[in-house]
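To start, the structure under review is shown below, and the notes come after it.
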Ligand code: AMP
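This is the structure in structure tokens:
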């Protein structure tokens, strides 16, 4: 039984008010794989061009990421995305999206991935995400979907169809408002929970994340950090930590999802400390335990209710 991850593998160029990166390796699937592989082996589905560095693929393989589902299109170029962050480091403008190999990506699920128990649908066209679900002979125990405003703008009908097939949707607050057409986050959550997913996670950047299920709500803060260097991939890393923890513990109860949100938040707090995937690549089990402990300290309090 395994965790299958689908998502873009990319080159990114990032500008923040404090610095600028050259073309570096990024992509939703890449961040998810680097993060989730701390908790459980990953089976990856994606596509790259001949220009994607072999060393990156080798490093992922060494981290227990099975790349049998990653197509390499030798004569084509890898997906390229470029973004510029505003001073608040929370909002950003997309400067360039060159789909390249992603433009006509047709994922193929290898036979050895058919044991998929946990499926993480990272950011990609909804029709592509759907085609992975449709290729699986048995429905996974849990399907988690990440998406973004871009797909709501250009493929809302496909996205709505896909929503009926997933268990958990992970989006940020502005995406929740766009999807529901409602400014109130509580009302948005209620509406989105009628569209298919049984669980909804709304990320609020430095203000933490909310988990909704039926009439229950859970809130997890983000770790207050002295400095955010590059927020790119924080959402994907959050999703990787969330599903990585669930796949490792094989427990999909609401209670365990609360813990999974804390794990996702802890991993995302590491991601933003350096450009690209750099910080995630060097993390040790001790680092992760240390940060989880900081979360426990941050939210723990005693109260004597008389
Ligand atoms: P995040 O900061 O978590 O929203 O994710 C940023 C990552 O998403 C970057 O590494 C990009 O390469 C990737 N990305 C940006 N736009 C898209 C898109 N339209 N489809 C797939 N991946 C994307």
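Numbering (our numbering), first residue to last: 1 to 306.
The beta carbon of each residue, even a glycine, is placed where N, CA and C say it ideally should be.
| query | result |
| --- | --- |
| Assuming the contact rule is C-beta atoms closer than 8 Å, residue 189 and residue 209 should be a hit. Round their C-beta distance to whole Å, please. | Not really, about 12 Å apart at Cβ, beyond 8 Å. |
| For residue 142, which option in 247, 297, 35 has the closest C-alpha, if you only look at C-alpha atoms? | 247 |
| When the Cβ atoms of the stretch 127-137 are set against those of the stretch 258-266, are three or more pairs found closer than 8 Å? | no |
| Identify whether residue 10 lies in helix, strand or coil by the three-state DSSP scheme. | strand |
| Looking only at its own chain, which residues have a Cβ that is under 7 Å from the Cβ of residue 316, when we skip the five neighbours before and after it? | This structure cannot speak to residue 316, because the chain is shown only from 1 to 306. |
| Inspect the beta-carbon positions of residue 230 and residue 272 and report whether they are closer than 8 Å. | yes |
| Pick helix, strand or coil for residue 120, following the three-state DSSP scheme. | strand |
| What's the gap between the Cα of residue 92 and the Cα of residue 74? | 32 Å |
| Determine contact between the stretch 9-24 and the stretch 116-124, defined as no fewer than three beta-carbon pairs at a distance below 8 Å. | no |
| In chain order, what are the residue ranges of uninterrupted alpha helix (DSSP H) at least 4 long that sit wholly in the stretch 133-205? | 149-154, 156-163, 173-180, 185-192 |
| Alpha carbon to alpha carbon, what distance is there between residue 100 and residue 84? | 21 Å |
| Which two residues bound the contiguous beta strand (DSSP E) that contains residue 66? | 65-73 |
| Spatial neighbours of residue 249 within its chain, please: C-beta separation below 7 Å, excluding the five flanking residues on both sides. | 256 |
| Evaluate the contact criterion for the stretch 152-170 versus the stretch 194-214: three or more CB pairs, one atom per stretch, below 8 Å. | yes |
| With H, G and I counted as helix, E and B as strand and the rest as coil, what does DSSP make of residue 129? | helix |
| Is the distance from the Cβ of residue 113 to the Cβ of residue 243 below 8 Å? | no |
| In terms of alpha-carbon separation, which member of 25, 115, 13, 162 lies closest to residue 129? | 162 |
| In terms of residues, what are the limits of the alpha helix (DSSP H) holding residue 32? | 28-36 |
| Let me make sure I understand the geometry here. Which of 239, 2, 56, 4 has the alpha-carbon closest to that of residue 281? | 56 |
| Which term fits residue 225, buried or exposed, when burial requires 16 or more other beta carbons within 10 angstroms of its beta carbon? | exposed |
| Verify whether the separation of the beta carbon atoms of residue 149 and residue 174 is less than 8 Å. | yes |
| If you check the beta carbons only, do residue 102 and residue 79 fall under 8 Å apart? | yes |
| Quick one, which of 159, 34, 19 has its alpha-carbon nearest residue 277's? | 34 |
| CB-CB under 6 Å to residue 212, same chain, minus the five flanking residues each way: which ones, in chain order? | 189, 200 |
| Taking 8 Å as the limit between beta carbons, can you name the residues of its chain near residue 23, skipping five residues before and five after? | 11, 12, 13, 80 |
| Cβ of residue 8 within 7 Å of any heavy atom in the ligand AMP? | yes |
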